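**Student:** Residue numbers (the working numbering), protein chains in the order written: chain A, 1 to 453; chain B, 454 to 795; chain C, 796 to 1198; chain D, 1199 to 1449. Got a structure for you, questions after.
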């Protein structure tokens, strides 16, 4: 039977004018295009799918700001941001392949169903050729699978679980953000220097996929250097008060508490841990310590003073270039254009979104086509620099970016309201790189790219 | 043993939040017969009273410090709260730090006003309407209140610390003969528990020992009869609604240092507090309080590693499981009255 | 016709017409025009209208007729979805077995939950159903991750051991859901002047099932069984002293509505093969309650309208961003434009919840019977006042609770 | 042996003894009235007959079958129907539906699904319900919601709901309370008609005019105990009864 086309608004927008003139009904039943939503008019539409309601809304909105900035820069407006520092010079500020960049926005609500509905509407109704954004791994994995099916490129937003480029990886999906394994690998040496090798760790882990992979990554990395895991406890996503999970820590042999929590969970569990005096506690003759594997500026803001001195890892920080120099070129350019537009420095969620949009545009430009397969090919194995993270590789085997990981801790005496974390160290790429068949990423196949149609 | 004592304390602490919310909810159920899905939003508004006051107290005078720079390289703007300018850095600083306890005074008039406005402006038109309509309208109101707060304060949690003097924890264990450091409990959580106990006692005393309370209790039992006695029960019910709003609001103010307030904290508590009210038994104030503490303690025990290692996931469902068991063995919850919302 | 009386027949025919021509009706604005933002005629949303319509119709059989307010119905939809995805993983990508199994599994689960929960009534019943659903959600999201996929949802993979069919297509993709070879994502498009209309295979499959579900609901409403359910709502005591046992009736209604939820869940994964745990969360159960009340509980068409309303808000209003507002109001002078945009902005895009909340309140305050009552009031404006008593006597015997 | 036998029934609420050692023997086809002052336990007694209350001790048999332990709907299914003091009807349903529901219950038992049968297709049930409504002069309001009826009409509707089941025993709790004299007389005529069909009736009534127009036998209940059971003409002169009623005032 005939393979019918799926929606192609881009095409229609241009032919509509002609169609109106002819006033002739057209029925499309056959594949008229090489791939889903091939842009044939003077614009190309990108879909920015971020949480705008729910607990991660602030993160999502920050991401959206960065996307809007990226669109400006791609269209040659504003100061150009990181386009000036980006190692690839394919983009010239005249849109993508000469087409002006337009965008649509949607609300993922941090629910996989809602995120997919929103992404589908972008693909089916608005003719988006690429979907990007999101602030949780559940959503990233769900939308990535959808984009694979529909034949568009997915540039993941903030997603940290190994699964996104591990067991749930997809040929049409790409992740710039770092992952659980990298957090573990980056944190371990820093923790070793700061707290020694003889430690008893107690884990409170969010009871869902991201929590599982992150706990596993941190445990494997710290146990390898000699730490002992005394207890791991899973906490419900819906928990708001963690006192009953913190209290047993007091009665255990632990001298380190690892909070594998994100967002509101992390803010609350850390606040509760500090309330119970864990920061002042002495155990086994050592100072008790708390570690939060994944950090974000917004979480630091939510936790307030409780975050001071707590170690964690980040994908990027706006102070990188100032603190550590030219290797992280691009950072200041981005902070400047973002800061001047919005009045505050960008979060790492904003940064990864901006970079993903630029990387996509660049790949299209280099491939000379919006065809997802061509774009994927251009991204696979792509090495670049100047986007704020130092030299970076988009690995072909799993579509994961490999770059330095920033280890941070909560700042003791912030200068102003934006100065919440300080960079402790940057763990170089080699130390956080793993083999594509690493057990933490086992199961699942990339499959082959799907151009849709 | 020390672990168990700690969990009992935790349970009582969680339970006091549940009990306070459930108490207000059941007051509104009992007196007005209204299913108030916006009650969680009142709790949230209370917490944001504390946030607002701390923001108000921190309204600052901006001066540029040319020796330091902000993230864009411009001179850093230094914020000095006006209270510090007026009262000197010492006293002014203390005032800012004590914004949560001061928030109680700030919240009472605001919550009264919110309660009265809600009841007079909206709820009273729904006394005679089906419960389904009440749910829809109060749920809509809850969303609106939540979104308004989100519009002004964002979605991120806002740290609202307790005064420094009350931060830190009490070594409870030493006082009862345990090793130092084995049973320590945060001061603020103890304060919360005591505060909740006082508030609950005050509400009960008010209903038990004042004429006003007597009439309201009579009205809860049989509204029409009291109306026939020529007593303007509606006016008293309006006041009861305001009281319920204040109870929820104060529970929220005091809760702010325990967990940073965010705009959806009310919704997070809503479902639980309904479970608490129903497990306690419809129309029973004592039941609501009892169930609040009971579920709080059970939830705390279920989250101990010794328990979750044996029954994985029990901490996720314990409250609901207990609710089902109680409702199946005691048809009207712990202390429910016959015929209320059956 | 079809065993329906005249009034029901015309209602049914109207619904058939609306459903069949929805691709036209929902796309009133030409592509590329400023108002195209309001077009809802794309496959995903049209499918969602129907799927949630089915869910709400089923819920209304329980709530609208018996008055039992279940606050855990989303659990049945979720369980149905999981069952459907598992059928696709293990058996075939044909949606028929997936949908059938979804209905059966949801039916069995609702039998269990109903059997226990219906031992209580009123709010005690509501809380029991809520407790079951919340437990289902919590466990599916965490402990049961191997079965449910947990946070990421249950999805297909390239290595599914599909008995009838292939694990992966020759191109290396996961095969698509189909109805005996007709892929659910297939669409035909019709360009007519500036307009573009999409006819999606999956949509029409949903349409057929939704119309069947609607027809069954009408028959149930008008049957002696439906009358008994209304009697349960009206006066259980009298029902007992009349020699009727209310329990089997309420349980039957509960299971039927659970099966409707399962059908919705099965269709949902047939259109988009992923089942997320969030669809069992209490807010999802609350949503179907709101859909039913908003549309008009106890009416035939109300729940469908309520479902459409909420899904429209969620999918259309949430996508209006500041840029779009500026295009709309671009004709205004700059200062005024910014002002108007600033006024509207809090209500759209990230503020769509606010608009939804306000709409809930407005509808329930001014239209106590829900959207259906709004429709009736408008209809009344266009009619000359007919004598109400007369209308009743010629209407269906049970017109009291329908419409 | 009567059709309904109550033996040594006791029921107390907390410390209050509502029924003590109550015995009742109702002959088939008769009209048996139970009278007594307020709070004498009349309604309590009726409630124990239909499993609304379970007696503490004692037995109730109907047609040779023990009623205690049966559920209300089972009791109805074996032929006992009841009219309540405040009419228990389906307020949101039409009169016709109100009468059809018990008719279905009679025909199909406690649970009949019939999800597929259109109401209008159930001709026989519908016709019977209509004709009964016509008998009670309610047919003009067949499609009105029952809650909009007057109190008297509601009582007649409830009576219709019972009669459509053709019960063997009809329990009536103050069938004329709150009715005008004319309505009361009409109801008396109606009940006499019903009695002629051979339906056994147990009537609780305050209005002695009603009692003496209908009853073939009267039991007098005071403070939970039967103090007299006799033919109507004998009851009038019974000093114990006069004592119970307002300390000896004349009936």
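All C-beta atoms, glycine included, are put in the ideal place defined by N, C-alpha and C. Remember, predicted model here, so these are calculated numbers, not experimental data.
Between residue 1113 of chain C and the rest of its own chain, which residues show a CB-CB distance below 6 angstroms, the 5 nearest in sequence each way excluded?
**Tutor:** 1147
**Student:** Please report whether the beta-carbon of residue 1484 of chain D lies at a distance below 8 angstroms from any beta-carbon of chain C.
**Tutor:** The question about residue 1484 of chain D has no answer, for chain D in this structure spans 1199 to 1449.
**Student:** Quick check on the burial criterion: 16 or more other C-beta atoms within 10 angstroms. Buried or exposed for residue 1346 of chain D?
**Tutor:** exposed
**Student:** If I follow the unbroken alpha helix (DSSP H) through residue 173 of chain A, where does it start and stop?
**Tutor:** From DSSP, residue 173 of chain A is part of no alpha helix (DSSP H) but of the beta strand (DSSP E) over 173-175.
**Student:** Taking residue 339 of chain A as the reference, give the member of A/69, A/284, A/42 with the closest Cα.
**Tutor:** A/69
**Student:** Are the C-beta atoms of residue 207 of chain A and some chain B residue less than 8 angstroms apart?
**Tutor:** yes
**Student:** Look at the Cβ atom of residue 661 of chain B, then the Cβ atom of residue 497 of chain B, and state whether they are nearer than 8 angstroms.
**Tutor:** no
**Student:** On the CB-based measure, 16 or more other CB atoms within 10 Å of its CB, does residue 1352 of chain D come out buried or exposed?
**Tutor:** buried
**Student:** Using DSSP with H/G/I as helix, E/B as strand and the rest coil, what is residue 813 of chain C?
**Tutor:** helix
**Student:** Which residues of the region 833-845 of chain C have a Cβ closer than 8 angstroms to any Cβ of chain A? Give them in chain order.
**Tutor:** 834, 837, 838, 839, 840, 843
**Student:** Going by Cα to Cα distance, which pick from D/1336, D/1234, D/1424 is closest to residue 1405 of chain D?
**Tutor:** D/1234
**Student:** What is the DSSP secondary structure of residue 373 of chain A, counted as helix, strand or coil?
**Tutor:** helix
**Student:** Opposite residue 131 of chain A in the DSSP bridges: which residues?
**Tutor:** A/47, A/154
**Student:** Rounded to a whole number of angstroms, what is the C-alpha to C-alpha distance between residue 454 of chain B and residue 751 of chain B?
**Tutor:** 16 angstroms
**Student:** Assuming contact is defined by CB atoms lying nearer than 8 angstroms, are residue 1209 of chain D and residue 1254 of chain D in contact in what I supplied?
**Tutor:** Against a cut-off of 8 angstroms, the Cβ pair of residue 1254 of chain D and residue 1209 of chain D comes out as a contact.
**Student:** Near residue 447 of chain A, which residues of its chain fall below 8 angstroms by C-beta distance, leaving aside the five closest residues on each side in sequence?
**Tutor:** 148, 170, 171
**Student:** Decide if residue 665 of chain B is buried, meaning its Cβ has at least 16 other Cβ atoms within 10 Å, or exposed.
**Tutor:** exposed
**Student:** So, helix, strand or coil for residue 990 of chain C, using DSSP?
**Tutor:** strand
**Student:** Please classify residue 809 of chain C: is it buried, with 16 or more other beta-carbons within 10 angstroms of its beta-carbon, or exposed?
**Tutor:** Exposed: under 16 other Cβ atoms inside 10 Å.
**Student:** Spatial neighbours of residue 394 of chain A within its chain, please: CB distance less than 6 angstroms, with the 5 preceding and 5 following residues excluded, ordered by chain position.
**Tutor:** 379, 382, 401
**Student:** Is residue 869 of chain C near the ligand MG, going by C-beta to nearest heavy atom under 7 angstroms?
**Tutor:** The model depicted lacks the ligand MG and carries no ligand whatsoever.
**Student:** For a quick check, are the C-beta atoms of residue 586 of chain B and residue 1163 of chain C less than 8 angstroms apart?
**Tutor:** yes
**Student:** Whole angstroms is fine: what's the gap from residue 1218 of chain D's alpha carbon to residue 1280 of chain D's?
**Tutor:** 23 angstroms
**Student:** For residue 896 of chain C, I'd like the list of residues in its chain whose CB is within less than 7 angstroms of its CB, leaving aside the five on either flank, ordered along the chain.
**Tutor:** 878, 879, 882
**Student:** If you measure between the beta carbons of residue 1244 of chain D and residue 1369 of chain D, is that distance less than 8 angstroms?
**Tutor:** yes
**Student:** So with CB distances below 8 angstroms, who are the chain C contacts of residue 1218 of chain D?
**Tutor:** Here the premise fails: no neighbours, minimum Cβ distance about 26 angstroms.
**Student:** Assign residue 442 of chain A to buried or exposed, taking buried as 16 or more other Cβ atoms, counted over all protein chains shown, within 10 Å of its Cβ.
**Tutor:** exposed
**Student:** Would you mind stating whether residue 609 of chain B and residue 61 of chain A have Cβ atoms separated by less than 8 angstroms?
**Tutor:** no
**Student:** With distances taken from CA atoms, which of A/250, A/261, A/173, A/409 is nearest residue 155 of chain A?
**Tutor:** A/173
**Student:** Given that a residue counts as buried once 16 or more other Cβ atoms are within 10 Å of its Cβ, and exposed if not, what is residue 629 of chain B?
**Tutor:** It counts as exposed.
**Student:** Which runs of the alpha helix (DSSP H) at least 4 residues long sit entirely within the region 1147-1183 of chain C? Give them in chain order.
**Tutor:** 1147-1161, 1166-1177
**Student:** Can you name, in chain order, every residue of its own chain whose Cβ lies under 6 angstroms from the Cβ of residue 983 of chain C, other than the five neighbours on each side?
**Tutor:** 994
**Student:** Output yes if chain D places a C-beta closer than 8 angstroms to the C-beta of residue 1137 of chain C; else output no.
**Tutor:** no
**Student:** Is there a C-beta anywhere in chain A that falls below 8 angstroms from the one on residue 637 of chain B?
**Tutor:** yes
**Student:** Which two residues bound the contiguous beta strand (DSSP E) that contains residue 1139 of chain C?
**Tutor:** DSSP places residue 1139 of chain C in no beta strand (DSSP E) but in the uninterrupted alpha helix (DSSP H) bounded by 1129-1139.
**Student:** DSSP puts residue 639 of chain B in a beta bridge; with which residues?
**Tutor:** B/622
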